[in-house]
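> Starting off with a structure, shown below.
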Amino acid sequence: MAKGRLDLTSRVRQGMAVERLSADERLTKNNVVETAQREAARVTGAALALAPSTLPRKGRFSIRLADLVSNPYNPRTFYNPQTIDSLAKSFSDEGQIDAIKITELAEYPNKRVIVDGERRVRAAKALGNEYIDAELSDEPLGAKDLYLRAYRANKERDEQTVFDDAVAWRKLLNEGVYVDYNELAAAVGESVNQVTKITLLNELPQLFFNKLAQAAKPLGLSHAYNLKLIYERAGEQVAEHWLQEIIEGRASVRRLEQAASADATIKRPGSRRPHYQSRVQFKTPTGADLGELKLFGDGRTELSLKGVQGPAQHKLADRVKALVEEWSLEINDDSDLSASGA
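full-length UniProt numbering puts the sequence shown at residues 1 to 342.
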């Protein structure tokens, strides 16, 4: 009799254990716990704290910002502060609409890598938030996947600039993610010539590159590449002059092309002759060429006139001499000359 009661008790316990296991499996499969926690967080305003090791494999959940790292192949380098502020305001007014996309990489243990959503992360940090909504990608992602997914997502929303592309493409090529310009061009859907020109923008001095990238008015490849040519052919001082012209909106692409072309003919291979920054040409009342005044980046000013002879030449010399002497009296000290490179 006692044995019968024991068998009955054992069977009841086994049945309860099976039922508990079945219930746990159903809860896990349907993300019931995570869903309930998210709903509670939405009502109470509290964030759902999930450690990386306990993240659900599917669906939307909240994760600590401190547990995230940026995409090592992020296609965007330069972020407009106004854009981040605008997105932060949207978060504050409407909440986060789209979850960021994250993945797991062995190189970042106990962290999750942002695949798509760096700007949303920055906006959340700007608000002082500790958490952000995310979705986890279960499939393994290589370097090409990390780059192309973010690159294409940006294209659909607010695509990166040529300067973002220049930085990202150089890294992809340097690390052998793409073997050459041809493979990279095929991957991003651009011509080889376009990809080559954009990548070569990295040859500009870093200060020049950053100023172009952060200009108030977005600049394209034509401005940047022609400045690169001017820098190569005429040197840093001349290029700095044209950089300022570009930033202040005074240099059209046509003017830059002309400057780059002029520098190419004047500064031949092996020549170190610096090119002028600006030039004023003089003509007679009948339109005949008279000469020119050139200003150089190293502080020199050259006046060259031709065809002036006899008394007219002496009269011109006297006037130029008087003008320079009068101007020299206006110089406060030698620092005025030093500042101009004298």
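Just so it is clear, CB atoms sit at the ideal spot from N, CA and C, and this is done for glycine as well. The structure presented is a predicted model; accordingly, all values stated were derived computationally and were not measured.
Could you tell me the alpha carbon to alpha carbon distance between residue 259 and residue 247, rounded to whole angstroms?
Straight-line Cα distance between these residues: approximately 16 Å.
> Check residue 300 in the structure and name its three-state DSSP category.
In the structure shown, residue 300 sits in coil (DSSP, three-state: anything other than H, G, I, E or B).
> Specify, as a first and last residue, the run of the alpha helix (DSSP H) that residue 58 falls within.
Counting along the chain, residue 58 falls outside any alpha helix (DSSP H), and DSSP gives it neither H nor E.
> Could you compute how far the alpha carbon of residue 343 sits from the alpha carbon of residue 290?
Nothing about residue 343 can be reported from this structure: the residues present for the chain run from 1 to 342 only.
> Is DSSP giving residue 325 helix, strand or coil here?
Helix at residue 325.
> If I follow the unbroken alpha helix (DSSP H) through residue 144, where does it start and stop?
Residues 143-156.
> In the structure shown, what three-state DSSP assignment does residue 204 receive?
Note: residue 204 maps to coil in three-state DSSP.
> What are the boundary residues of the alpha helix (DSSP H) that residue 231 is part of?
From DSSP, the alpha helix (DSSP H) with residue 231 extends over 221-234.
> State the Cα-Cα distance for the pair residue 329 and residue 314, rounded to the nearest angstrom.
Rounded to whole angstroms, residue 329 to residue 314 spans 23 Å at the Cα level.
> Please classify residue 245 as buried or exposed, where buried requires at least 16 other C-beta atoms within 10 Å of its C-beta.
Classification for residue 245: buried.
> Suppose the cutoff is 8 Å on Cβ atoms and the five residues either side in sequence are ignored; what does the same chain contact list for residue 326 look like?
Excluding sequence neighbours, residue 326 sits near nothing in its chain.
> What residue range is occupied by the uninterrupted beta strand (DSSP E) comprising residue 112?
112-116 is the span of the beta strand (DSSP E), which, as asked, contains residue 112.
> Residue 282 to residue 320, Cα distance in whole Å?
In a straight line, the C-alpha of residue 282 is about 15 Å away from that of residue 320.
> Taking contact to mean 3 or more Cβ pairs, one atom from each stretch, closer than 8 Å, check whether the region 191-198 and the region 135-142 are in contact.
Too few Cβ pairs lie closer than 8 Å, so no.
> How many angstroms separate the CA atom of residue 307 from the CA atom of residue 288?
Each residue's alpha carbon lies about 10 Å from the other.
> Determine the extent of the beta strand (DSSP E) in which residue 134 is found, giving its start and end residues.
Residue 134 -> beta strand (DSSP E) spans 131-136.
> Measuring alpha carbon to alpha carbon, tell me which of 76, 90, 63, 164 ends up nearest residue 131.
Nearest C-alpha to residue 131: 63.
> Would you call the region 159-172 in contact with the region 121-128, where contact means no fewer than 3 C-beta pairs closer than 8 Å?
Touching, no.
> Can you give me the Cβ contacts of residue 167 inside the same chain, cut-off strictly under 6 Å, excluding the 5 residues immediately before and after it?
Once the five neighbours on either side are set aside, the close Cβ partners of residue 167 are 77.
> Nearest-angstrom Cα distance between residue 233 and residue 225?
One C-alpha to the other measures close to 12 Å.
> Would you mind stating whether residue 204 and residue 227 have Cβ atoms separated by less than 8 Å?
Taking 8 Å as the Cβ cut-off, residue 204 and residue 227 qualify as a contacting pair.
> By a C-beta neighbour count over all protein chains shown, 10 Å radius and 16 as the cutoff for buried, is residue 103 buried or exposed?
The residue in question, residue 103, is buried, as its Cβ has 16 or more Cβ neighbours within 10 Å.
> Does the distance from the C-beta atom of residue 68 to that of residue 111 stay below 8 Å?
Closer than 8 Å, so yes.
> Out of 58, 128, 151, which one is the CA nearest neighbour of residue 89?
Cα-wise, what sits closest to residue 89 is 128.
> Which runs of the alpha helix (DSSP H) fall wholly inside the region 162-205 and span at least 4 residues, in chain order?
Listed in chain order, they are 162-174, 181-188, 192-200.
> Are residue 99 and residue 66 touching if we call contact CB-CB under 8 Å?
Not a contact, by the Cβ cut-off of 8 Å.
> Leaving out five residues before and five after residue 343 in sequence, what residues of the same chain have Cβ atoms less than 7 Å from its Cβ?
No information on residue 343 is available, as it lies outside the stretch 1 to 342 that the chain covers here.
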